[in-house]
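If you read the sequence shown in this note's numbering, its first letter stands for residue 2, the second for the next number, and so on. Below is one structure, written out as structure tokens; comments come after it.
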Amino acid sequence: MAKNLIYLSHVFNNQVWLQKAVTMIDSLKTIIIKHPGSFGIWTSTAINLAAGINEIAIIGSDLMPSVNDVLHQYLPNKILQANFNKSDMFLLKDRPVLKELSIYLCLNFACTSPLKNVKELMNIIQLQSF
């Protein structure tokens, strides 16, 4: 449930849900540390929360090849939203819809300037993981 709350808190920008998930993980912290294999989903959720969620927004006319490229990358802690047009979804909201492709990488709701391709995106993600 905590994993779902974290995901939905990022998708809908709901900090209350995020705080509930953090409280849930925190209440199990001692037992997760003592028996990480027995609480695998909780452990991976705690690790993803500590590492940060890669929030990826893709906007533009020819976005499907880039969406497929991102989906084929191993990024277990990602949230991906894409649209051809303006959208009310939090990651896509207030982003200019241009003819050319724009990819935004956000972490904790702070975003990079628009990137032009998935290779640039993956370079930044790899740099931030060190």
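For every residue, glycine included, the Cβ atom is placed at its ideal position computed from N, Cα and C.
Query                                                                                                      : Result
Sufficient close CB pairs (3 or more, under 8 angstroms) joining the stretch 68–84 to the stretch 28–41    : no
Closest Cα partner of N5 within the set L76, Y105, I42 and A58                                             : I42
Where the alpha helix (DSSP H) containing E121 begins and where it ends                                    : V119 to Q129
Cβ contact (3+ pairs, closer than 8 angstroms) linking the stretch 57–73 and the stretch 18–26             : no
Among A111, S88, Q74 and K117, the one whose alpha carbon lies nearest that of Q127                        : Q74
Buried versus exposed, by CB contacts within 10 Å (16 or more), T46                                        : buried
Nearest-angstrom beta carbon gap, I104 and P115 [assumed within contact, 8 angstroms]                      : 7 angstroms
Proximal residues to A52 (C-beta, below 7 angstroms), its chain only, five neighbours per side dropped     : N78
Neighbourhood of C112 by C-beta, 6 angstroms cutoff - its chain only, sequence neighbours within 5 removed : Y105
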